[in-house]
Amino acid sequence: MEKQWKKSLDDGSYTVRTCGWSPPGDHPVGCGMILTVKEGRLIKVEGDPEHPITNGRLCVRCLTLPEYTHHPQRVIYPMKRLGAKGENKWQRISWDEAWDTIVDKINYFKENHGAESIVVFGGTGREACLYYYPLGFASIGTPNVCYPQSGWSCYGPRCAITDYILGAGYPEIDFAGHFEDRYNHPGWKAPEYLMLWGKEPLKSNPDGFFGHSVIDMMKLGTKIIMVDPRINWLATRAEHVLQLRPGSDTALALGLLHVIIKEDLYDHDFVENWCYGWDEFVERVMEYPPEKVSEITWVPAEKIYEVARVFAKAKPASLGWGLAVDQNPNGVQLGHALLAMIAITGNLDVPGGVTIGPPASLMGKWRVESRSNLSEELWNKRIGAEQWPAVSTALATTHPDETLNTLETGKPYKLRMGWFNSSNFITPTNSAQPDRWYRALQSLEFSVVQDTFMTPTAMAFADIFLPLPTFAEHDGVVLTHYGRNAVFAGAMNKALTVGETKSDLEVCFELGKRLNPKAWPWDNVSDFFTEQLKPDTGFGFEELREKGLYQPGYTYKKHEKGLLRFDGEPGFNTVTGMVELCSTLFESWGDDALPYHEEPPYSPYSTPELAKEYPLTLTTGARKYTSFHSEHRQLKTLREIDPNPEMEIHPETAAGLGIIEGDWVVIENMFGKARMVAHLTEAIHPKVVHATHGWWFPEKEAAEPSLFGVWESNINTLMPHQHNGKLGFGDTFKSILCKVYREA
């Protein structure tokens with residue numbers, strides 16, 4: 087990439103090369119762009135054709151960044167609440183006043199009730215994922231950092247499963263992202279087949295995987311296998327589609343494994359040398375012949391045979407697992423089965439297969455290690471850690487469901503202060519039963535919210551509002567997979583200043599220097615990033631600015647070279663040193679050591695009587711190009727594309743209910759209800775409906791009880807609290823019963 091990252095133009099404007107992350111929200115794909123600034127305003131966003139991953143391609147969210155950055159409703163100064171919470175009465179204050187108030191409150195709660203009385207809530211996908219842990223551990227000094235989605239149902243379960251089964255960082259499709267010459271790298275191969283399981287990466291671009299790499303690989307000959315309850319755009323271009331019943335995923339995975347093993351299509355060398363528990367695993371898989379699995383999943387048995395054969399015979403093949411693995415009480419078993427499928431077909435850590443990284447590196451490692459600022463006594467007070475060791479061993483957070491229980495009961499101790507870091511979670515982004523969370527959070531005595539706009543969560547709870555910059559307004563580093571598989575690192579270069587915003591890292595710095603200065607020895611963010619980068623890359627932040635993007639290269643078959651284990655021996659960093667087809671840890675925590683199918687808590691088969699009243703299966707959360715969870719709802723350009731919350735329903739089902747295209751309908755079950763606009767499509771099963779998430783209405787009344795209309799279309803009110811799997815992961819976001827009727 088061109089060395090000069092900032093250029094002056096003849097008309098008085100200038101351009102800045104950067105890699106995007108957030109806010110506004112997005113996953114750490116680091117999309118390359120050129121920002122043009124004139125007279126203090128961002129006036130243009132263009133894709134950077136030199137960026138080796140995105141090659142100048144941008145989604146509509148990046149293209150509307152000027153509209154977001156300079157939106158009249160955006161909060162760009164610190165504010166304090168006047169009057170009662172929810173009254174929408176605010177006063178602008180200085181950062182010094184904000185810090186004085188916050189520091190006094192933190193010290194008061196720590197001295198009188200213990201540091202554990204403070205809880206930091208974090209959101210999903212945003213850059214803050216790297217910083218809300220150290221905000222809690224190293225700045226505030228609390229052990230309670232909480233991702234509040236029931237069952238930790240986003241990314242964390244997949245990371246934990248991988249840690250326990252492979253002893254490695256996040257497994258990702260090998261899209262040649264590690265290499266500067268990308269698809270021309272002599273050691274890389276295009277996958278013959280790519281299986282996408284509950285994942286539509288063109289819209290989600292998840293956790294550092296650039297979704298349009300799928301299109302690139304298709305142009306190179308890769309064929310797609312799509313596993314999803316919905317026929318999405320990629321499915322219409324796929325070679326094979328397995329349109330399964332929501333929540334039946336593990337049965338389908340075991341059915342595919344049955345064929346692969348029974349027909350001797352597996353990699354004997356890998357199984358014999360690198361897998362633990364083969365005989366037990368085979369015995370379990372033989373319980374799931376395709377004919378039985380077809381009855382469970384609604385997928386024809388002949389399709390299960392066909393897909394198992396083509397995937398197993400492909401050399402190489404890759405698999406991308408999506409959020410559907412996490413948002414499922416049976417998701418640990420599903421993840422276990424999918425990792426086993428990758429391994430026994432010989433596609434783990436090979437060119438064109440699935441790459442793996444260390445459990446944590448760069449800032450991902452620093453993020454977790456910041457817990458060393460806490461004493462063991464304090465660390466052991468983390469909510470839910472003792473009850474749910476499978477969660478607490480892999481993830482340095484509280485158990486989310488237990489956190490809600492603690493807020494409601496005051497046991498084992500009362501939570502008194504909350505810090506909401508880039509998380510609007512009473513809007514249906516990452517909580518189940520958000521109305522229950524709302525009532526429970528009323529008990530907090532003092533709360534701080536960091537965000538870019540006044541949200542329902544901020545309106546309801548904030549005493550102090552701290553304004554965040556967009557990625558155009560601060561320096562930073564984009565790190566794919568939060569350090570668990572660092573495909574590349576990109577430079578976020580500040581282009582302009584808007585108001586008095588401070589980044590997540592700047593907030594950590596300024597608060598940390600007041601409360602725990604020994605944990606924050608750096609003079610500025612550039613020095614911090616340099617210290618993080620140099621050990622692994624040999625250069626600092628200023629050099630990364632000039633490079634634009636750093637791709638480290640990649641070593642395949644690390645298990646053969648002693649590059650996965652801390653002792654340098656060949657093998658995997660697990661208890662047995664092998665891929666654990668039969669898990670030693672799952673069994674020790676009270677679950678089955680082998681994968682198994684278990685029906686969702688509420689389904690036509692597990693609760694047939696309830697299904698008479700609620701005959702449809704509801705799945706939620708498919709991504710849109712126009713929003714990142716609950717963000718972007720203020721933007722006129724994007725609301726013109728997606729003006730309303732939408733429910734997908736099959737035309738035959740709709741006709742039987744007297745519903746036509748565009749009708750406002752109510753989706754209801756035993757836990758709650760939400761109103762949405764009906765969209766009729768044959769791309770969904772007649773017994774299934776899908777609902778979008780993250781909806782609120784910035785144009786509606788801000789004050790209580792409206793809170794921007796947050797309860798009108800809040801699909802997560804239909805999701806129950808703490809319907810987790812046996813190890814504490816997963817919930818019913820992808821599969822629950824409901825009924826649908828026209829709004830009166």
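Per the numbering used here, residue 87 is the first one in the sequence shown, and the count goes up by one each step. Where a beta carbon is used, it is the ideal one built from N, C-alpha and C, also for glycine.
Test item: CB-CB of residue i and residue j under 7 Å
i, j, result
"Ile770", "Arg316", "yes"
"Pro681", "Gln419", "yes"
"Gln519", "His809", "no"
"Leu813", "Ala426", "no"
"Ser517", "Pro234", "yes"
"Tyr163", "Arg178", "yes"
"Glu738", "Pro690", "no"
"Ser821", "Pro332", "yes"
"Thr616", "Gly624", "no"
"Val593", "Gly576", "no"
"Pro555", "Ser589", "yes"
"Gly255", "Pro402", "no"
Run of the beta strand (DSSP E) containing residue i, from where it starts to where it stops
i, result
"Met165", "Met165 to Arg167"
"Pro553", "Ile550 to Pro553"
"Thr122", "Gly118 to Lys124"
"Gln536", "Phe532 to Asp537"
Run of the alpha helix (DSSP H) containing residue i, from where it starts to where it stops
i, result
"Met304", "Ser299 to Lys305"
"Tyr568", "Per DSSP, Tyr568 belongs to no alpha helix (DSSP H) and is neither H nor E."
"Gly676", "Element bounds for Gly676: n/a, residue is neither H nor E."
"Pro394", "The sequence shown places Ala at residue 394, not Pro. Ala387 to Lys399 is the extent of the alpha helix (DSSP H) around Ala394."
"Ser478", "Pro475 to Ala480"
"Cys245", "Gly242 to Ile251"
"Leu187", "Note that residue 187 corresponds to Thr in the displayed sequence, not to Leu. Here the alpha helix (DSSP H) through Thr187 covers Trp181 to His199."
"His776", "That residue, His776, is in no alpha helix (DSSP H); its beta strand (DSSP E) goes Val774 to Ala777."
With 16 other Cβ atoms within 10 Å as the buried cut-off, status of residue i
i, result
"Trp283", "buried"
"Asn58", "Look at the range of the chain in this structure, 87 to 830, and you will see that residue 58 is not part of it."
"Lys191", "buried"
"Pro791", "exposed"
"Leu338", "buried"
"Thr641", "exposed"
"Ser94", "exposed"
"Arg323", "exposed"
"Ala482", "buried"
"Asp249", "buried"
"Lys643", "exposed"
"Ser669", "buried"
"Arg525", "exposed"
Residue nearest to residue i in terms of C-alpha spacing, selected from the options
i, options, result
"Ile801", "Gly742, Thr767, Thr705 and His718", "Thr705"
"Phe506", "Thr492, Asp537 and Arg525", "Asp537"
"Leu619", "Asn659, Ala572, Asn602 and Lys643", "Ala572"
"Ser456", "Asp353, Val231 and Trp474", "Val231"
"Asp622", "Tyr636, Lys786 and Pro402", "Tyr636"
"Leu793", "Ala546, Trp750 and Arg725", "Ala546"
"Gln413", "Pro687, Leu448, Glu732 and Lys825", "Pro687"
"Trp407", "Gly307, Thr543, Tyr241 and Lys309", "Tyr241"
"Asp186", "Arg600, Thr495 and Trp384", "Arg600"
"Val379", "Ile390, Arg370 and Glu369", "Ile390"
"Leu724", "Glu153, Val751 and His137", "Glu153"
"Lys500", "Leu221, Glu531, Arg522 and Thr515", "Glu531"
"Glu392", "His326, Thr479, Ala476 and Arg453", "His326"
"Ala830", "Asp749, Leu221 and Leu766", "Asp749"
"Met312", "Ala788, Met303 and Leu330", "Leu330"
"Pro638", "Cys105, Glu266 and Lys305", "Glu266"
"Ala764", "His776, Leu448 and Gly363", "His776"
Chain-order list of residues whose beta-carbon lies under 7 Å from that of residue i (same chain, five-residue window excluded)
i, result
"Gly795", "Trp782, Phe783 and Lys786"
"Leu464", "Ala201, Glu202 and Pro229"
"Ser111", "Residue identity differs from the one stated: residue 111 is Gly in this sequence, not Ser. Taken in chain order, the residues that qualify are Gly211, Arg212, Phe714, His715 and Glu717."
"Trp675", "Pro475, Ala476 and Leu813"
6 Å CB neighbourhood of residue i in its chain, flanking five on each side removed
i, result
"Val32", "Limits of the chain in this structure are 87 at one end and 830 at the other, which puts residue 32 out of reach."
"Gly432", "Asp353 and Phe356"
"Thr541", "Asn510"
"Pro731", "Met762, Thr778, Trp781 and Ser799"
"Cys145", "Tyr711"
"Cys849", "The chain is shown only over 87 to 830; residue 849 falls outside these bounds and no answer can be derived."
Sequence-distant residues of the same chain with beta carbon closer than 8 Å to residue i, five excluded per side
i, result
"Glu377", "Ala387"
"Trp360", "Ala429, His645, Gly657, Phe658, Met664 and Val665"
Any C-beta of chain D under 7 Å from that of residue i
i, result
"Gly237", "Judged by its chain identifiers, the structure shown contains no chain D, having just a single protein chain."
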